[in-house]
Amino acid sequence: MTAKKILIVEDDPDQRLAINVRLRSKAFATVLVGDGQAALSAARRERPDLILLDLGLPAGDGFLVLERLRAIPQLSGIPTIVLTARDAASSQDRALDLGAVAFFQKPVDGVALLAAIHQVLGDG
Amino acid sequence: MVTHKGAATVLVIEDNPITRKLFRVTLKGAGYTVQEAGDGHEALERARRSWPALILLDLRLPDMTGFDLAERLREFPHAAETPIIAISGLVSQAEQTAVNTGRFHGFLAKPVEPSRLLEVVAGYLQRPGMVSDTSGSLGRVLVVDDEPVQRKLTALRLGDVGYAVETAADGQEALARARHEPPDAIVSDVLMPALDGFGLCRQVRQDPRLKHVAVVLVSSAYVEEEDRALATRVGADAYIVRTPELSEVIAALATALLSERKPRSVVALEFLTTTHLQRVVRQLERQVAVAGTLARRNATLTAEVAALDGIGRVLSRTQDPNVAAHQVLATCLEAGGVSAGAMYFNRIDEPFALRASIGFGDGPGGAAAFFGYKDLLTEVVAQPAPVMVPSASVPDGVAREILDHAGVGRLVIAGIPVPGAPTGALVMAVPDAEDDPAEWLVFARTVGAQLGQAIALARTARTNELLLESTGEGIVALDVRGCVTFANQAAVRLLGRTAEEVKGVALHDVVHARPGEAHCAFEGCGLGTQLAGRGHFVEGSFLRKDGSQIPVEYDCRPIREGDLELGFVMSFRNISERQQAERLAIVEVLQRHQLRIKDEFLTHVSHELRTPLTAMREFTTILLDGLAGELRPEQRDYLGIILRNADELRSMIDDLLEAARSEMARLTVRPTRVALPVIIDEVIAHHAATARAKGIRLRTDLRSDVPPASADPIRVRQILGNLIGNALKFTPEGGQITVHARLAPEPGAVQVSVADSGPGVPAESVDRLFDYMYQGPNTVDLPRRGFGIGLHLCKDLVTRQNGRIWVDSAPGRGSTFCFTLPVHSAPPVTEAVPS
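Quick mapping for you: the protein sequence lines, in order, are chains S and H. Following my numbering, the numbering of the first sequence begins with 3 at its first residue and continues without gaps. Following my numbering, the numbering of the second sequence begins with 9 at its first residue and continues without gaps.
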């Protein structure tokens, strides 16, 4: 069985790397991008099994990326987990309304994030 | 002959008691002796007993007409020398003619103004006979007019100016008098029987003894160019249209007398005669046409105007509605020369309730029940036009019965339409002598309509008055000079003066000039220019009587009627409260703005501080998890130290940000009813994980009788969280923390305490523990310090919720932090007791 592919959308390189190390340690294939524009082209190109999406992004914030993903039929089915440093509850509601499957407030506990990913991908 | 006013007796023959009273009061006030008669027979009786110097005779009397009575009075001795003056409201064509035929010396139209009455009476009594005294120094003038009133008026007016006046009733008489003793001038009417004005003038010019006499022709009707040409041809000096004050006649007479007299050429006789006859016929036709209708319309209009005027005056003067109704009715009847009438208005409980009645009987079938046919009023009022009884509109039998009960020959009924209010009806008796009932229908309808309007107007006026006096806005009316003509209650109150103190004074001097100071107390005063009517609200300041100032907003606009500027109206209001509110609003907006910026800043700082820390923790964890290869035990220990310190740093950052946020949210302590056990359980649950991790027993001891507190639940959570967090920090592993809730020792308060089994606080630190930035004693064995913000914040929050906070502690015995909150004192909900 081929490794599940996860698209990591995070503008902070340190956080991006930390998540990447975690996921790779669990044998996931990862694609890393740092802004919203790149996130959409990577999603189109790579067709990931799951997307980890930071909401605070340059070149189109996470909400915009979510909306675009939902509007493209081939991509609309990809489960997306949203990460954010914003603490407003409204961000969570809005992200879930836009189709996100889970929501994590930063700083994200790596272990909890892995558990969520396994749950979403159904291979816990 | 009586020539002295003090002894003069005036006989007033008038059936309307109101008019009679008016005449009596007026004449007696002027020093005359007054005799009164209500009908013809009484008048004759009085005249027999004592013959008066002057007779005022109403043309409409109950028992005989004025004309018949005048004829009979003329049969008395001395009657020829006694002026008889006719009085009438509505003048019919027959009356008009009769008055003009000379049975009366004068005529007074109703309503008679007291001043006019005195003027006319004095005029006749001081110049007895038809000739003025000879004191006239300007010259002798012969006044020729067949119409006695005109003749008299002209004679009086010219006498006043200073001429010696003789009179003649027609051209023939005038010519005879002139030939007997030539006057300096002749003022002659154009239309006269026997010899008219043109003829008289021609005869005068052809008489060698008279051809230098000045002749002024006067016409009562419009003068055409041909008339003027004819007047010139017959040698008249001037041809004037009569005006009431005769000013043009007097001017023309003076010019004619002053200019040098030269003989005038006489135009060919036969030509003159033809033209003359044509002109005279034209004049005659025109005058008959004009005089007939105009006089009649004039009389009707005069009566109507008088009625309206009287109604207005009564309503503006009289407060008692019943008195007002009677006076209004009396005014209407007097204006029409009517002796009986009634006024009805719809009431909620009674349609067409009698409001006022004059001259009708009171008995059953009287005016109150409209003579037994009250339904007729409803029918009539529903119609647009008034109804005459008898007429085709009323069944004969009904009409007969009504008139029998009313005791009059004819009645006219008119509606009183009041917009948006119950309707009423006006009933007036019509004198039997009246030959033209149509006039009465018009009169009744007009008066009814005017009554309705007057009532509506009075109601509007009252409503307006109430509006003006009820509004909180100060309203002041100013005349064109800026002096106060009216100030409503609000204005008087705002200016701190009485209504009397404000009235009549220049507004600017009252509100903008300090006593004893010549100049306006206000720089760049706008009130002056406002009075010119700019018409927009400006803010300013008005002085009150006590010298204090109130901030106001005022607006001054011109009061215009058509092109005429009558003055100004200024409205103003006290804006001190609004200014205060505006200031507060500005402060609040600024504060909110500051808060928002601070909030944004904190969010930013929080993000920026946490992000690198998160990366540190993440990679430390990755290393510890062996994701970058196997670790030696020492490396693992050191990474553990990094991780622990990163956690502490994160905790401190959280505290700092929380403190900053609380500080920022200072304004928002909103006390409400708080169930303390619920909040305590929530906070305990929040800290349960940490306590478990440290092996600390976290428990509660909540009394069941703890009443709800009056506090802000968010703030209580914050205080408790701080205290429990502190306790967790300082309590060693295996220790115990207990949260108690009970009634406080002082009344009306509940007490919450957090007791730990930590190291305790040395005595010297206890008092300083709640100080800002106090970091505790320098004890090496304390696990960690904080910023010294948490407890300070707790104290601030407790104090602002009317509670107090303290600590009981001794080294080695742990610490107990206590705070109190007031008991919520809402009235208990009463519950229904089951039966």
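C-beta: ideal position from N, C-alpha, C; glycine also.
- In this structure, L362 of chain H and V397 of chain H do not form a Cβ contact; the two beta carbons are roughly 17 Å apart against a cut-off of 8 Å.
- Interface flag for L598 of chain H against chain S is unset, since no Cβ pair is found closer than 9 Å.
- DSSP places F84 of chain H in the coil class of the three-state scheme, outside both helix and strand.
- Residues are counted here when their Cβ sits less than 7 Å from a Cβ of chain H; for the segment 104-125 of chain S these are K108, P109, G112, given in chain order.
- DSSP places E772 of chain H inside the alpha helix (DSSP H), whose first and last residues are 771-774.
- At a cut-off of 9 Å between beta carbons, T622 of chain H contacts chain S.
- Taken in chain order, the members of the segment 17-40 of chain S whose beta-carbon sits within less than 9 Å of a beta-carbon on chain H are Q17, L19, A20, I21, V23, R24, R26, S27.
- Interface residue (Cβ-Cβ distance to chain S less than 9 Å): A701 of chain H is not classified as such.
- In the DSSP assignment, M436 of chain H falls within the beta strand (DSSP E) that extends over 432-438.
- For R618 of chain H, the C-beta contacts it makes with chain S under 8 Å involve A87, K108, P109, in order along the chain.
- Excluding residues up to 5 positions away in sequence, V395 lie with their Cβ nearer than 6 Å to the Cβ of S401 of chain H in the same chain.
- Secondary structure note for C826 of chain H: its beta strand (DSSP E) is the uninterrupted segment 823-830.
- At least one C-beta of chain S is nearer than 9 Å to the C-beta of I630 of chain H.
- Taking D197 of chain H as reference, the option from H:Q158, H:I258, H:L52, H:K702 with the minimal CA-CA separation is H:Q158.
- When C-beta distances to chain S are compared with 8 Å, the residues of the segment 631-654 of chain H below that value are D633, L635, A636, in chain order.
- Under the three-state reduction of DSSP, I483 of chain H is assigned to strand.
- Non-local beta-carbon contacts of F825 of chain H in its own chain, meaning distances under 6 Å to residues more than five positions away in sequence, involve L731, V762, V815 in chain order.
- Excluding sequence positions up to five before and after A102 of chain S, its CB lies within less than 8 Å of the CB of L55, L68, T82, I83, V84, all in the same chain and listed in chain order.
- Here G179 of chain H is actually not in contact with V151 of chain H; their C-beta atoms are around 12 Å apart, not less than 8 Å.
- F115 of chain H sits close to S96 of chain H, with the two beta carbons spaced by under 9 Å.
- Short of 6 Å from the beta carbon of L164 of chain H, and not among the five residues preceding or following it, lie these beta carbons of its own chain, in chain order: G131.
- Within 10 angstroms of the beta-carbon of K160 of chain H lie 16 or more other beta-carbons, which makes it buried.
- With respect to the 9 Å criterion, P201 of chain H and L133 of chain H are not classified as neighbours on the basis of their beta carbons.
- By the CB criterion at 9 Å, V242 of chain H and F206 of chain H fall inside the cutoff.
- When DSSP states are grouped into helix, strand and coil, M624 of chain H belongs to the helix group.
- Within chain H, the residues placing a beta-carbon under 8 Å from that of D14 of chain S are T619, A623, ordered along the chain.
- Here P715 of chain H has L751, V758, V831, H832 as same chain residues with Cβ atoms under 8 Å from its own Cβ, once five neighbours each way along the sequence are excluded.
- Residues of chain S with a Cβ closer than 7 Å to the Cβ of F627 of chain H are, in chain order, A20.
- Between the alpha carbons of L706 of chain H and I630 of chain H lies a gap of roughly 32 Å.
- Check the Cα spacing between V577 of chain H and each of H:E626, H:K219, H:A771, H:A495: the tightest is with H:A495.
- Only residues of its own chain outside the window of five on either side were considered, and among them S718, A719, D720, Q809 have a CB closer than 7 Å to the CB of P679 of chain H, listed in chain order.
- The closest CA to that of E473 of chain H, considering only H:L459, H:A462, H:Q497, is found on H:Q497.
- Using a CB distance cut-off of 9 Å, R604 of chain H does not count as an interface residue toward chain S.
- Between L123 of chain S and L52 of chain S, the beta carbon gap of about 6 Å places them in contact (Cβ cut-off 8 Å).
- Counting along the chain, the unbroken beta strand (DSSP E) around S761 of chain H starts and ends at 757-764.
- At least one CB atom of chain S sits nearer than 9 Å to the CB of R658 of chain H.
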